[in-house]
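S.K.:
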DNA sequence: CGTGACTGCTTACCT
DNA sequence: ACAGGTAAGCAGTCACGA
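Residue numbers (our numbering): 848 to 1526.
1. Whole alpha helix (DSSP H) runs in the stretch 1360-1441 with 4 or more residues, listed along the chain?
2. Between the Cα of residue 927 and those of 947, 918, 1108, spot the shortest distance and give me the residue it belongs to.
3. Helix, strand or coil: how does DSSP classify residue 1230 here?
4. Examine the Cβ distances between the stretch 1011-1029 and the stretch 884-898 and report whether three or more of them are shorter than 8 Å.
5. Quick check: residue 1065 and residue 965, are their CB atoms within less than 8 Å of each other?
6. Would you tell me roughly how many angstroms separate the C-alpha atoms of residue 1318 and residue 1156, rounded to the nearest one?
7. For residue 1071, does the count of other Cβ atoms within 10 angstroms reach 16, so buried, or fall short, so exposed?
8. Three or more C-beta pairs closer than 8 Å, one from the stretch 1379-1386 and one from the stretch 1463-1478: is that the case here?
9. Give the straight-line distance between the Cα atoms of residue 858 and residue 1333, rounded to the nearest whole angstrom.
10. What residue range does the alpha helix (DSSP H) around residue 1078 cover?
11. With a threshold of 16 other CB atoms inside 10 Å of the CB of residue 1120, please say whether the residue is buried or exposed.
12. Per DSSP, what kind of secondary structure is residue 1469 in: helix, strand or coil?
13. Roughly how many angstroms separate the alpha carbons of residue 1330 and residue 1412, rounded to a whole number?
14. Quick check on the burial criterion: 16 or more other C-beta atoms within 10 angstroms. Buried or exposed for residue 1079?
15. Under three-state DSSP, which class holds residue 815?
16. Which same chain residues end up closer than 8 Å to residue 1392 when comparing Cβ atoms and leaving out the 5 residues on each side of it in sequence?
17. So for residue 1007, helix, strand or coil by DSSP?
18. Secondary structure at residue 789, three-state DSSP: helix, strand or coil?
19. Evaluate contact between the stretch 1278-1298 and the stretch 1171-1191, counting only Cβ atoms and requiring at least three cross-stretch pairs below 8 Å.
20. For the ligand FAD, I want to know if residue 1293 counts as a neighbour, meaning its beta carbon is within less than 7 Å of at least one of the ligand's heavy atoms.
21. When the distance is taken between beta carbons, is residue 1247 closer than 8 Å to residue 1092?
22. On the CB-based measure, 16 or more other CB atoms within 10 Å of its CB, does residue 888 come out buried or exposed?
23. Within the stretch 1146-1199, note down every full beta strand (DSSP E) run reaching 3 residues or more, in order along the chain.
24. Helix, strand or coil, according to DSSP, for residue 1255 in the structure here?
25. Suppose contacts are defined by Cβ-Cβ distances below 8 Å. Is residue 885 in contact with residue 908 by that definition?
26. Would you kindly work out how many angstroms separate the C-alpha atoms of residue 1527 and residue 891, rounded to a whole number?
27. Do residue 1200 and residue 1285 have their C-beta atoms closer together than 8 Å?
28. Just to confirm my understanding: we take residue 855, look at its own chain, exclude 5 residues before and 5 after, and list those with CB closer than 6 Å. What are they?
29. Taking DSSP's pairing of strands, which residues face residue 912 in a bridge?
30. Run through the DSSP bridge pairs and tell me what residue 1214 is partnered with.
31. Quick check on DSSP: helix, strand or coil for residue 898?
32. Taking 6 Å as the limit between beta carbons, can you name the residues of its chain near residue 870, skipping five residues before and five after?
33. For residue 1303, which beta-bridge partners are listed by DSSP?
34. Going by the DSSP bridge assignment, what does residue 1204 pair with across the sheet?
35. Report the three-state DSSP secondary structure of residue 1137 (helix, strand or coil).
36. By the three-class DSSP mapping on this structure, what secondary structure does residue 994 have?
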């Protein structure tokens, strides 16, 4: 209450009701949700055949249900020609059925005990299959607890949450799960998030002994459930908080993107204040785009990225604007109905760098909603999450709220620049970005005026070198007074190394921890051998405390890299560590313009019978064969093109070594110590 | 017909 | 169906010179 009252006091009158409304809603305790995960296995003629849910022509041979109340059941179909095997399923009660009909009946009955059913891809497969299979077996509609929509499956008595769609949500993937997984499969997500895996087996699922099949199926249900229970039910908590903010039912919010959450939230607010919801045509007609994008194919100009000053800089502070774009939307009163408003007296209220003006008479709906949510996150929930001991109920609640607000706030500007958003309003989007450029450039000017050296900056951040704590604090005060926007001291690096490339740097903190941005050496598709080598080199460099320390580190780096390149030449590196892992974003037939290397490898895989579809990760190695690549699973060690790997290593390490002023070729070719000089 | 400059496609990243 | 900006590798095209 104390913190909330302080926030209310510092808020403008128009924002106070919103702060009150949000804080009383969001601080409600989080319910424990009774639920069960469900997974099914279907007989299939061969291992590459994926049974069609609509036809549902094959038997359902196993179902597992894993409940939050501790009940865990495996339903198995007895098949005469299959042995039971000797697998043990310790945790669960195992039930055998002679007839598939009675198995399904028992499963449906069990489902009724749970108001929430959790699946991984149940919309497309598990529930869809169960429904059609039951129909095929003569079940009547009223005894099947499932309804099918166009792209989703509903539970008649409760809520079905399909985690596949939840974990595939790009915004959640990036901002909540920190891009820890790339592929959206159950196995990839579980490995990245809860350190669990699917059970591996060879051949076809239908050929497994019955108990072995049960063990496999049960494990899937178990890890699916764990995705909702790990870290104190964080996924369930996220769903509850998103539902509260977005004013959206659970069924929808797990399946729809952030733009839909924001649409729902904005529409709700229109209804609450008795305002008409405009049509997209009305909103689009407000104005047109003025700026031109730097990137081909984009609609308007975006953020500004400063040229980094190449080299090593010691004692670098990073200043950044807290939630820059939401702050701009709030402070500059940006909204579809305030931009280019009808009042002639507002026409002089011009947005910097644009011909657009904005209303002076009243606050816009976007400004009020996004502005108040921004303040809630920055001034209330972030500090509150830190105030309570980690793991306490309060810390857990405030952290969840803070994460959800982050996702929504991060998307709140972008939605106005996307045609699919019903309140699409390009002048709002381009004005937000324009003000961002204006603010960061003004701040750079102010630094220069104060003789503070700016060595880099991107969108909302400035890296300043050689400034003391006092000077940084003065800048923060200046921003508050002259810009009306909150600037923070984000961190202070022991040193930062920049090559000449933007969005690409190494920052080392006083405690030796480091931050790597942009480097090829950290990208998910880079071969493990090169990625490991890169992190090891950075590890060596992160111990450096002064210019002279670089001398000693240099020798260590050189020796280390020489070892790796020698191993590469002698083909001592295992294939798995040499593989590039690249996502194939569409189906093979859709690559009509070019045939990139991962597509070449995928085509070779298809020729061996493997199915490849959009979203799969293709693992390939560079070879001396005519295609230049081979899928890792089909390649032989002697086919590896060592030179290609050394070339790739060179360009990977140059991004780092450039900054330090020496050449990769010298590192691996030279034998004389005196050949090396550091900047 | 081979080479190199150039453009466009594709993926992954940064804010 | 949030946005734009940047890096990098490779595929494909085309002019140029032999």
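Virtual Cβ for every residue (Gly too), placed ideally from N, Cα, C. Everything numeric in this text was worked out from a predicted model, so none of it was measured.
M.R.: On the basis of the coordinates in this document:
1. DSSP assignment within the stretch 1360-1441 yields the following whole alpha helix (DSSP H) runs of 4 residues or more, N-terminal first: 1375-1388, 1396-1416, 1422-1425.
2. For this step, residue 927 is matched to residue 80 along the first chain. The shortest CA-to-CA distance from residue 927 to any of 947, 918, 1108 is the one to 947.
3. Locating residue 1230 in the first chain gives position 383, counting from the first residue. Looking at residue 1230 - three-state DSSP - the assignment turns out to be helix.
4. No: the two stretches stay apart, fewer than three of their Cβ pairs being nearer than 8 Å.
5. Sequence index remark: in the first chain, residue 1065 carries index 218 (1-based). Sequence index remark: in the first chain, residue 965 carries index 118 (1-based). No, they are not a contact pair.
6. For the purposes of this step, residue 1318 is taken as the residue at position 471 of the first chain. For the purposes of this step, residue 1156 is taken as the residue at position 309 of the first chain. Cα to Cα, the separation comes out at about 21 Å.
7. Within the first chain, residue 1071 is the residue found at index 224, counting from 1. By the neighbour-count rule (16 or more Cβ atoms within 10 Å), residue 1071 is buried.
8. Three or more beta-carbon pairs separated by less than 8 Å are not found between the stretch 1379-1386 and the stretch 1463-1478, which leaves the two stretches without contact.
9. Position 11 of the first chain holds residue 858. Position 486 of the first chain holds residue 1333. Those two C-alpha atoms are separated by around 14 Å.
10. For this step, residue 1078 is matched to residue 231 along the first chain. Element bounds for residue 1078: 1057-1093.
11. As a position in the first chain, residue 1120 is number 273, starting the count at 1. Classification of residue 1120: exposed, given that the 10 Å Cβ count is below 16.
12. Residue 1469 sits at position 622 when you count from the first residue of the first chain. Note: residue 1469 maps to strand in three-state DSSP.
13. Locating residue 1330 in the first chain gives position 483, where the first residue counts as 1. Locating residue 1412 in the first chain gives position 565, where the first residue counts as 1. Inter-residue distance for residue 1330 and residue 1412 is about 52 Å (C-alpha atoms, whole angstroms).
14. Position 232 of the first chain, counting from 1, holds the residue named residue 1079. So residue 1079 counts as exposed.
15. Nothing can be reported for residue 815: it is not among the residues displayed for the chain, which extend from 848 to 1526.
16. Here residue 1392 corresponds to residue number 545 of the first chain, with the count starting at 1. For residue 1392, same chain residues with a beta-carbon under 8 Å away, outside a window of 5 residues either side, are 1341 in chain order.
17. Working through the first chain from its first residue, we reach residue 1007 at position 160. DSSP places residue 1007 in strand when its eight states are reduced to three.
18. Outside the shown range of the chain, which is 848 to 1526, sits residue 789, and nothing can be said about it.
19. By the Cβ rule, the stretch 1278-1298 counts as touching the stretch 1171-1191, because three or more pairs are nearer than 8 Å.
20. The model depicted lacks the ligand FAD and carries no ligand whatsoever.
21. The residue given as residue 1092 occupies position 245 in the first chain. The residue given as residue 1247 occupies position 400 in the first chain. It is not a contact, given that the beta carbons lie outside the stated cut-off.
22. Position 41 of the first chain, counted from the first residue, corresponds to residue 888. So residue 888 counts as buried.
23. Under the rule that a run must span 3 or more residues, the beta strand (DSSP E) segments found entirely inside the stretch 1146-1199 read 1158-1168.
24. Working through the first chain from its first residue, we reach residue 1255 at position 408. Helix.
25. Here residue 885 is taken as the residue at index 38 of the first chain, counted from 1. Here residue 908 is taken as the residue at index 61 of the first chain, counted from 1. Contact flag unset, no.
26. Residue 1527 lies beyond the range of the chain shown here (848 to 1526); nothing can be said about it.
27. Taking the first residue of the first chain as 1, we reach residue 1200 at position 353. Taking the first residue of the first chain as 1, we reach residue 1285 at position 438. Yes.
28. Numbered from its first residue, the first chain carries residue 855 at position 8. The answer, listed in chain order, is 863, 866.
29. As a working mapping, residue 912 is identified with position 65 in the first chain. Residue 912 is bridged by DSSP to 885, 920.
30. Taking the first chain and counting its residues from 1, the one referred to as residue 1214 is at position 367. For residue 1214, which the question treats as bridged, DSSP gives no partner whatsoever.
31. Against the first chain, residue 898 aligns to sequence position 51. In this structure, residue 898 counts as coil in the three-state DSSP scheme.
32. Looking up residue 870 in the first chain gives position 23. The answer, listed in chain order, is 851.
33. Taking the first residue of the first chain as position 1, residue 1303 is located at position 456. Paired residues: 1310.
34. Position 357 of the first chain holds residue 1204. The partner list for residue 1204 (beta bridge, DSSP) reads 1197.
35. For this step, residue 1137 is matched to residue 290 along the first chain. It is coil, neither helix nor strand.
36. Position 147 of the first chain, counted from the start, is the residue given in the question as residue 994. Looking at residue 994 - three-state DSSP - the assignment turns out to be strand.
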